[in-house]
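Report on the structure given below.
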Amino acid sequence: MHLIEIEGLSKHFGDIEAVRGISFTVDRGEVVGFLGPNGAGKSTTMKMLAGFLTPSAGRASICGHDVVEDGLAARRRLGYLPEGAPAYPDMTAASFLAFIAQIRGFRGAEARAAVDRAVDRVDLGSVLEQPIDTLSKGFKRRVGLAQALLHDPEVLILDEPTDGLDPNQKHQVRQLIGSMAATKAIIISTHILEEVDAVCTRAMVIANGRVLVDGTPAALEARSPYHHAVYVRAEGKLPASVQDELGALPGVKRVEAAGRADDQGVYVLPQNGADIGPLVRGLLAARGVGVAELRVERGRLDGVFRDITMAA
Amino acid sequence: MRTIGIIFRRELAAYFTTPVAYVFIVIFLLLAGSVTFYVGGFFERGQADLEPFFDFHPWLYLFLIPALSMRLWAEERRSGSVELLLTLPITVPEAVIGKFLAAWVFTGIALALTVPFWITVNYLGSPDNGVILASYLGSFLMAGAFLAIGGAVSALTRSQVIAFVVTAAICFLFIATGSPIVQGPLRAWLPAAITDGVSSLSVLDHFSSVIRGQVELRDLVFFGGLMALFLFANIELVELKKAD
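Shown next as structure tokens:
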């Protein structure tokens with residue numbers, strides 16, 4: 028049994044088709060990153076999985092429990108962070124989490140232990156007695172995460188868990204997700220492409236309510252024209268003749284300037300991601316060009332993302 | 037049941053963590069006291085009873101109850117916390133009933149704080165305490181009916197102002213169905229059987245009979261029925277509108 032199963036899931040609001048027949052499964056140990064432009068259907072899909080929206084067609088299940096027919100059981104096994112991490116602003120973080128623990132079926136000492144565990148995980152101890160209203164954006168998000176993690180669910184669905192956080196806080200949240208990945212099935216949505224690389228085992232590009240690409244972040248990077256491209260910066264200026272020779276090497280598609288005024292380097296782009304590093308290095312050595320910097324690129328997700336979503 | 041209890045306790049506590057509770061209680065007590073003495077002529081009547089006090093409750097509730105009920109769901113939807121609440125392992129009926137009970141018990145607390153009036157009339161004379169007890173029960177039931185109406189209306193909109201105004205308007209109709217304001221236009225068009233039917237929905241008539249000491253089953257059924265009807269509507273509306 029897959030922890031998350033989605034089959035032909037659709038949702039329309041009046042005439043607007045937000046999600047059009049999405050199907051996929053997620054197993055334990057996977058961290059799936061939903062990527063896509065605003066309005067692509069990422070949040071709508073998550074809301075259906077969490078049981079907040081009723082699907083117009085298709086089915087979804089969490090740990091084998093249908094989210095509509097057996098919604099209560101599905102929601103028990105799910106930790107969900109809604110977009111924007113809403114909470115009750117007048118409550119203190121401590122009383123809010125105590126409320127969640129009770130709703131999740133913990134009692135007395137058990138509830139306190141569950142809250143303590145969650146608070147520890149997201150490092151919330153210092154603000155527990157403050158009203159949530161008065162917390163910074165980063166702490167509010169962490170209260171939302173603590174709420175989602177509190178019952179140590181097998182399935183976690185986090186809608187933009189790092190949105191609005193500073194780089195250190197983002198790093199912390201990614202580490203947290205990474206530390207839980209092995210034992211859970213996790214779906215996160217994000218606009219930040221580097222995040223996919225940092226935490227996800229699988230990237231899913233969604234646009235216009237459809238899944239356009241579903242693969243590993245590495246496979247996504249491999250679609251980039253810059254995948255395995257070689258960046259070269261010579262000491263001094265790279266002679267034009269050498270540049271032409273680089274362009275003529277077997278497996279090389281073209282050579283292009285780095286594009287920034289203060290950057291004298293060039294990119295040597297391969298055909299079909301061929302491994303051209305040794306050839307480039309060999310040629311430069313043969314022509315006696317001093318190399319200040321040389322590296323092989325992995326690919327640019329933002330370009331891939333644009334190509335995929337604009338074509339849709 | 038346990039879930040309803042947890043939601044009930046959170047909601048009730050929420051009234052007291054904000055100024056809402058204190059403002060409501062103080063205004064309620066001030067208004068209840070001043071209309072009893074100045075408008076109702078509590079002393080001038082020379083009778084030891086609480087009729088002038090209870091007589092004004094429908095009109096006090098007309099705008100105090102919508103002020104309390106307007107935030108029940110509108111606020112949850114505006115702030116987005118409804119998405120959190122309804123993706124927890126709870127059902128919509130549990131959430132609706134828990135919230136309603138918290139608001140109702142809160143009005144019960146405000147009402148209980150008027151007990152000094154009761155003590156005062158007992159000091160001044162010898163009132164019919166059975167009638168007064170029945171009146172408290174009637175007032176509490178009427179508050180519950182208005183809250184149920186307000187809760188359902190609050191589920192319709194994100195705007196607390198709209199929830200307030202619409203709830204007050206509906207409550208006014210229920211107060212005034214027996215009066216010429218509503219009956220006049222209706223009688224011109226409809227047969228007597230229907231206008232009498234509409235008239236029998238008057239909160240004022242049922243409440244008046246209760247505070248005069250005539251607690252009948254039909255009055256209890258009336259208020260209970262209003263609550264059940266609007267709680268049911270509330271549940272359906274939350275399901276329907278939660279994600280709008």
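The listed protein sequences correspond, in order, to chains A and B. Take 28 as the starting number for the first sequence in the working numbering and just add one per residue. Take 37 as the starting number for the second sequence in the working numbering and just add one per residue. Cβ atoms here follow ideal geometry from the backbone N, Cα and C, with glycine treated the same way.
Beta-carbon spacing of A/V226, A/I204 below 8 Å: Contact check for A/V226 against A/I204 passes: the beta carbons are separated by less than 8 Å.
Sheet register partners of B/I101 (DSSP bridge): DSSP lists no beta-bridge partner residue for B/I101.
Opposing strand residues paired with A/T217 [DSSP bridges]: DSSP, once it has assigned bridges, lists A/L62 as partnering A/T217.
Where B/P152 falls, given that 16 or more other Cβ within 10 Å makes a residue buried: B/P152 should be labelled exposed.
Check whether A/L76 and A/V95 have beta carbons under 8 Å apart: A distance of 8 Å or more separates the beta carbons of A/L76 and A/V95.
Contacts that A/R169 makes with chain B (C-beta to C-beta distance below 7 Å): Chain B residues near A/R169: none, gap ~15 Å exceeds 7 Å.
Own chain residues within Cβ distance below 7 Å of B/F90, not counting five before or after: Cβ within range, chain order: S171, S175, I247.
Contacts of A/Q129 in chain B (Cβ-Cβ under 7 Å): Contacts between A/Q129 and chain B, judged by CB atoms closer than 7 Å, involve I42 in chain order.
Per-residue DSSP class, three states only, for A/Y115: In the structure shown, A/Y115 sits in coil (DSSP, three-state: anything other than H, G, I, E or B).
Sequence ranges, alpha helix (DSSP H) only - wholly within the region 182-241 of chain B, length at least 4: Complete alpha helix (DSSP H) runs here, min 4: 196-212, 216-225, 228-235.
Residue range of the alpha helix (DSSP H) that includes A/K164: If you look at A/K164, you'll find it in the alpha helix (DSSP H) that goes 164-176.
Buried versus exposed call for B/A139 [16 or more other C-beta atoms within 10 Å across all chains shown]: Buried, since its Cβ has 16 or more Cβ neighbours within 10 Å.
Local conformation of A/Y107 per DSSP, three classes: Assigned with DSSP and collapsed to three states, A/Y107 falls in strand.
Contact set between A/P109 and chain B, taken where Cβ atoms lie within less than 8 Å: What A/P109 touches in chain B: G116, E119, L120, T123.
Rounded separation between B/P149 and B/L65 - CA only: Here the sequence assigns Leu to residue 149 of chain B, which means Pro is not the residue at that position. The C-alpha of B/L149 lies about 8 Å from the C-alpha of B/L65.
Inter-residue CB distance, A/G278 and A/P297 (contact presumed, cutoff 8 Å): Their Cβ separation, rounded to whole angstroms, is 6 Å, which keeps A/G278 and A/P297 in contact under 8 Å.
Positions along the region 268-280 of chain B whose CB lies within less than 8 Å of some CB in chain A: Listed in chain order, the positions of the region 268-280 of chain B with a beta carbon within less than 8 Å of a beta carbon of chain A are K278, A279.
Proximity below 8 Å, CB of B/F208 to CB of B/I101: Not closer than 8 Å, so no.
Assigned secondary structure, A/I233 (DSSP; H/G/I helix, E/B strand, else coil): Three-state DSSP puts A/I233 in a strand.
Other residues of its chain near A/S88: CB distance less than 6 Å, five sequence neighbours each side excluded: Answer for A/S88: E32, listed in chain order.
Interface residues of chain A facing B/R46 [CB-CB closer than 7 Å]: Near B/R46 (Cβ distances below 7 Å), the residues of chain A are F126.
Amino acids of chain A, ordered along the chain, whose beta-carbon sits closer than 9 Å to that of B/A50: Within 9 Å Cβ-Cβ: Y115, D117, M118.
Counterpart residues of A/G242 in DSSP-defined beta bridges: According to DSSP, which records beta bridges pairwise, A/G242 is partnered with A/A230.
Beta carbon of B/A188 nearer than 8 Å to that of B/M263: Contact: no.
Per-residue DSSP class, three states only, for A/F133: DSSP places A/F133 in the coil class of the three-state scheme, outside both helix and strand.
Neighbour-count burial assignment, B/V75, 16 or more Cβ in a 10 Å radius: Answer is exposed; the Cβ neighbour count stays below 16.
Where the alpha helix (DSSP H) containing A/D329 begins and where it ends: From DSSP, the alpha helix (DSSP H) with A/D329 extends over 328-338.
Distance CB(A/A234)-CB(A/A67) smaller than 8 Å: In this structure, A/A234 sits near A/A67, with a CB-CB distance shorter than 8 Å.
Stretch-stretch touch, CB-based, cutoff 8 Å, three pairs: the region 117-130 of chain B with the region 96-104 of chain A: As far as the Cβ criterion goes, the region 117-130 of chain B touches the region 96-104 of chain A, which means the pair count is three or higher.
Residues bridged to A/I184 (per DSSP): A/I184 is bridged to A/Y107, A/I214.
Alpha carbon of B/T231 to alpha carbon of B/Q219, nearest angstrom: Using only the alpha carbons, I get a separation of about 7 Å.
Cα-Cα separation between A/Y294 and A/L239, rounded to whole angstroms: Computed Cα separation, rounded: 29 Å.
Whether A/A275 touches A/G56 by CB criterion (8 Å): Inclusion of A/A275 and A/G56 in the CB contact set at 8 Å is not warranted, their separation being larger than that value.
Rounded separation between A/Y170 and A/T161 - CA only: It is Val, not Tyr, that sits at residue 170 of chain A in the sequence shown. Near 12 Å, if we compare the C-alpha coordinates of A/T161 and A/V170.
Own chain partners of B/V128 with C-beta closer than 6 Å, once the 5 adjacent residues on each side are dropped: Excluding positions up to five away in sequence, the list reads I271, V274, E275.
Other residues of its chain near A/M28: CB distance less than 6 Å, five sequence neighbours each side excluded: Contacts found: G91.
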